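Visitor:
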Amino acid sequence: MKSAFLLAALFMGLGSYLRGLKVTETLSNKITAMDRHDDVIANLCTALLVVFASKFGMPVSTTHVSGGSIIGIGLRRNGSAVNEKLIYEMLLAWIVTLPAAGIISGIAYMVLNHIV
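Residue numbers for the sequence shown follow the working numbering, beginning at 1467 and rising by one.
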């Protein structure tokens, strides 16, 4: 079990190292223009939603919640300030990655279960 945690930490760290900056740039600059007031509201909404979900045992992605909060900030301006193409790409990624992760982890489990 300890080696599984180490592998998970290794791959999460590797993913953050390789693509984390792109995610940060997308969330901070490419969805919509925000000022400091907007930043505080988006982060407060993200924090409250993650805490609320955690209290009820719902596993949520902080990145997804943060993206949704930032999209909400842009939509309050009648949607004119939102990068619609990017939002569609994000929604598609959210829809695809959840089942894909389940399928890949299921296959990995079956393979590793036979090896170990």
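All C-beta atoms, glycine included, are put in the ideal place defined by N, C-alpha and C.
If you're wondering where the values come from, they're calculated on a predicted model, not measured in any experiment.
The alpha helix (DSSP H) spanning residue 1515 covers which residue range?
Guide: 1502-1521
Visitor: For residue 1474 and residue 1528, I'd like the C-alpha separation in whole angstroms.
Guide: 18 Å
Visitor: Out of 1509, 1575, 1558, 1560, state which residue places its alpha-carbon closest to the alpha-carbon of residue 1538.
Guide: 1509
Visitor: When you compare only the Cα positions, how much space is there between residue 1531 and residue 1565?
Guide: Taking the straight line from one Cα to the other gives about 18 Å.
Visitor: Residue 1512 and residue 1535: beta carbons closer than 8 Å?
Guide: Contact flag set, yes.
Visitor: Taking only beta-carbon atoms, is residue 1558 less than 8 Å away from chain C?
Guide: The structure shown contains no chain C, having only a single protein chain.
Visitor: Helix, strand or coil for residue 1543, going by three-state DSSP, please let me know.
Guide: Looking at residue 1543 - three-state DSSP - the assignment turns out to be coil, as it is neither helix nor strand.
Visitor: Rounded to a whole number of angstroms, what is the C-alpha to C-alpha distance between residue 1476 and residue 1469?
Guide: 10 Å
Visitor: Provide the residue span of the alpha helix (DSSP H) that contains residue 1489, from first to last.
Guide: It spans 1468-1491 - the alpha helix (DSSP H) in which residue 1489 sits, taken as one unbroken run.
Visitor: Could you give the distance in angstroms between the alpha-carbon of residue 1492 and the alpha-carbon of residue 1554?
Guide: 13 Å
Visitor: Quick one: what's got a C-beta closer than 7 Å to residue 1516's C-beta in the same chain, skipping five residues either side?
Guide: 1526, 1528, 1531
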